[in-house]
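This report refers to the structure that appears directly beneath it.
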Ligand code: NAD
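Residue numbers (the numbering used here): 21 to 356.
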């Protein structure tokens with residue numbers, strides 16, 4: 021009889037958030053024990069966050085904790101003895117960072133520093149942290165590759181995420197913490213965020229309201245379906261940075277630290293995206309064409325060479341299928 025492998029235990033921050041919820045579901049299905057920390061911040065509907073956490077709490081291997089990252093020592097207490105720390109909690113949103121920059125300092129700088137301190141004391145086998153495609157900012161070379169310099173953020177959100185990357189690199193170097201930094205590209209799917217385009221478009225189209233189309237529709241986004249993203253994250257958990265993974269790698273020369281894009285690698289035009297929502301809802305959109313918003317970029321496109329060198333080919337859900345699954349969830353959840 022073979023002895024059973026001990027159950028691995030992860031600490032996930034932002035577990036009541038959109039991506040954290042899906043990641044925790046997947047880790048629990050894969051047999052992990054999971055502690056999930058979330059501050060239930062009021063940036064968007066707290067009930068949605070509570071519903072996500074309540075669903076996770078149905079699983080006996082999930083321990084929900086409500087608390088703020090920046091509470092001194094809280095993350096360190098929860099991280100003790102964990103095999104893996106996955107830090108997703110953040111103040112997200114490009115546009116909101118223009119109106120409320122202070123909340124980005126608290127969550128993304130002070131909060132992120134608490135996570136690094138926690139990793140310093142807990143010494144997990146792998147620390148994985150969410151950054152964003154927004155750090156590519158004013159870059160025009162496409163697709164966005166991790167080895168390109170990303171020194172010109174256009175929003176304060178991007179600036180705090182870029183600062184988080186630099187802080188994590190210094191901790192990886194000083195304290196030998198194996199660290200993978202993800203740059204996510206416009207993630208969408210069921211249980212998605214109310215501040216993001218797919219949620220807003222679906223809600224408005226079903227209600228017969230107008231939708232705001234920025235830059236007069238001349239935008240492209242590398243939309244990434246949430247379960248494709250989660251597959252990428254889960255494969256990377258098993259790959260703490262050690263040896264270079266070929267010419268696309270940006271493994272630090274002085275630390276066990278690398279940055280990895282997780283994106284679909286195929287940008288979709290905004291009007292094509294709206295058509296997918298129209299098809300899925302069965303209703304035409306009433307469009308209000310507007311100029312570009314400050315802090316925004318016209319296009320994102322992930323170079324997926326590095327992640328595929330590390331993990332092998334990943335699933336890539338077609339935009340029409342992914343949008344349909346979101347709209348089905350939305351109708352069911354809100355009873356529309
Ligand atoms: P989300 O807002 O749904 O989840 C973040 C969670 O963190 C929320 O539940 C919130 O309550 C919690 N939180 C925020 N500040 C906190 C604090 N100070 N202390 C404790 N908890 C706090 O966002 P998401 O879309 O799930 O994003 C997850 C991560 O991925 C974030 O780091 C975000 O910046 C990054 N990201 C997301 C996308 C995307 O398209 N969704 C794209 C790029 C990067």
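Glycine included, every Cβ here is placed at the ideal spot set by N, Cα and C.
Asked	Found
Considering only their Cβ atoms, is the gap separating residue 330 from residue 255 smaller than 9 Å?	yes
Alpha carbon to alpha carbon, how far is residue 265 from residue 310?	43 Å
Restricting to Cα atoms, I'd like to know which of 127, 101, 323 and 100 is closest to residue 113.	127
Of all the alpha helix (DSSP H) runs that stay within the bounds of the region 245-286, which reach a length of 4 or more residues?	246-257
Looking at the secondary structure, which residues open and close the alpha helix (DSSP H) in which residue 58 lies?	Counting along the chain, residue 58 falls outside any alpha helix (DSSP H), though it belongs to the beta strand (DSSP E) covering 53-58.
From the DSSP secondary-structure annotation, give me the bridge partner or partners of residue 164.	322
Run the CB neighbour count on residue 35, radius 10 Å, all protein chains shown included, and call it buried at 16 or more, exposed below.	buried
Going by C-alpha distance, which of 170, 102 and 154 is nearest residue 141?	102
Please name the residue or residues paired with residue 289 in a DSSP beta bridge.	240
Please tell me whether, using a cut-off of 8 Å, the distance from the CB of residue 69 to the nearest non-hydrogen atom of the ligand NAD is below it.	yes
Please state whether the Cβ-Cβ distance between residue 243 and residue 315 is less than 9 Å.	no
Can you tell me whether residue 19 is buried or exposed? The criterion is at least 16 other CB atoms within 10 Å of its CB, across all chains shown.	No answer is possible for residue 19: the residues shown for the chain start at 21 and end at 356.
Let me know the alpha helix (DSSP H) ranges lying completely inside the region 72-138, each 4 residues or longer, listed in chain order.	94-99, 116-119 and 121-124
CA-CA distance, residue 180 and residue 125?	7 Å
Count the other CB atoms within 10 Å of the CB of residue 134; is the residue buried (16 or more) or exposed (fewer)?	buried
Shortest alpha-carbon distance to residue 26 belongs to which of 52, 97, 72 and 42?	52
How many whole angstroms separate the CB atoms of residue 206 and residue 241, which I take to be in contact at a CB cut-off of 8 Å?	5 Å
Should residue 190 go down as buried or exposed, given a rule of 16 or more other Cβ atoms within 10 Å for buried?	exposed
What does the alpha-carbon distance come out to for the pair residue 197 and residue 30?	16 Å
Within 10 angstroms of its Cβ, does residue 301 collect 16 or more other Cβ (buried), or is it exposed?	buried
With a threshold of 8 Å, establish whether the CB of residue 111 neighbours any heavy atom of the ligand NAD.	yes
By how many angstroms is the C-alpha of residue 37 removed from the C-alpha of residue 200?	20 Å
Could you tell me whether the Cβ atoms of residue 245 and residue 195 are closer together than 9 Å?	no
For residue 280, count neighbouring C-beta atoms within 10 Å of its own C-beta (all shown protein chains included) and say buried if the count is 16 or more, exposed if not.	buried
Measuring CB to CB, does residue 203 end up less than 9 Å from residue 268?	no
Start and end of the beta strand (DSSP E) containing residue 307?	306-309
State the Cα-Cα distance for the pair residue 327 and residue 252, rounded to the nearest angstrom.	8 Å
Put residue 348 into one of helix, strand or coil per three-state DSSP.	helix
Contact between the region 274-288 and the region 209-223 is defined here as three or more beta-carbon pairs at a separation below 8 Å; is this criterion met?	no
Do residue 175 and residue 154 count as a contact pair if the criterion is CB distance below 9 Å?	yes
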